[in-house]
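Asks:
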Amino acid sequence: MAAGRPSRRPRGETIEVVLVPRPRDLLTRMPRLLVGITLLGGGIALMLRAKLGLSPWDVLHQGIASQLGLSVGTVVIGLGVLILITWIPLHQRFGIGTIINTLVVGLILNAVFDALPTPHALWVRTAFMVGGVVCVGVGTGCYIAAGLGPGPRDGVMTAVAARGYPVWAVRTVMEVSALGLGLLLGGDVGVGTLLFAVGIGPLADVFLRVFRLPELPESERGIGVTGE
Numbered sequence: 402m403a404a405g406r407p408s409r410r411p412r413g414e415t416i417e418v419v420l421v422p423r424p425r426d427l428l429t430r431m432p433r434l435l436v437g438i439t440l441l442g443g444g445i446a447l448m449l450r451a452k453l454g455l456s457p458w459d460v461l462h463q464g465i466a467s468q469l470g471l472s473v474g475t476v477v478i479g480l481g482v483l484i485l486i487t488w489i490p491l492h493q494r495f496g497i498g499t500i501i502n503t504l505v506v507g508l509i510l511n512a513v514f515d516a517l518p519t520p521h522a523l524w525v526r527t528a529f530m531v532g533g534v535v536c537v538g539v540g541t542g543c544y545i546a547a548g549l550g551p552g553p554r555d556g557v558m559t560a561v562a563a564r565g566y567p568v569w570a571v572r573t574v575m576e577v578s579a580l581g582l583g584l585l586l587g588g589d590v591g592v593g594t595l596l597f598a599v600g601i602g603p604l605a606d607v608f609l610r611v612f613r614l615p616e617l618p619e620s621e622r623g624i625g626v627t628g629e
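To convert, note that position 56 of the sequence shown is 457 in this note's numbering; the numbers rise steadily by one, no gaps.
(1) Would you mind working out which of T594, A451 and R430 sits nearest T519, comparing C-alpha positions?
(2) Restricting to Cα atoms, I'd like to know which of L428, R613 and P422 is closest to T499.
(3) Is the beta carbon of V482 sitting closer than 7 angstroms to the one on G588?
(4) With a 10 Å radius around its C-beta and 16 neighbouring C-beta atoms as the bar for buried, classify W524 as buried or exposed.
(5) Does the Cβ of R433 have 16 or more other Cβ atoms within 10 Å, making it buried, or fewer, making it exposed?
(6) For Y566, is the classification buried or exposed, using 16 other Cβ atoms within 10 angstroms of its Cβ as the cut-off for buried?
(7) Can you tell me which of the three DSSP states L471 falls into?
(8) Taking the alpha-carbon positions, what's the V505 to G443 distance?
(9) CB G542 to CB F612, shorter than 7 angstroms?
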């Protein structure tokens, strides 16, 4: 990442990533971050309760959890920390949002999962599944719009892509690898997995536009504005 440059998005748009935000930045960015990770954790919990298939990474999280006798949220945190360690040789820099994402999404997931009833009727399970995908999509857009640092898995993707590999190829390899390993470990794959794959991109893009912040003048930007 090159200091002082915003990360590029498709169609010429940019999203600033502020690694060390000023207090005034936190007032506008932190609410988006907290709402985003809350929706992420809640959405995953809804899909887990639905038992109709999970996102590729959550298939892996669930598979590991079933093998180790742990909660899925605990695995989300543990694997996230391990992935952050891989950032060291990749020279990837993290922000406050990266740390909060890594440590809090799993806690929210566990809390919401424990609070939710176990649905039995197919229409209720379907509602949980669709609601979960929507929550994750909205949460992803909101979280990215906060611009306080990528999540651990996205950080690996952007760091590897920065070495000359297409982002779509890196993302595909990561998602397929997580899905395959998770399936072998007993994670749930189903119609929810397909719905997530088809819906998450458009949803995240729409809500990123909804929640994005106006770019600050150069003189008012916080310390450590970075990009891909």
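Every residue gets a Cβ at the ideal spot worked out from N, C-alpha and C, and that includes glycine.
Replies: According to the structure data:
(1) A451
(2) P422
(3) no
(4) exposed
(5) buried
(6) exposed
(7) coil
(8) 11 angstroms
(9) yes
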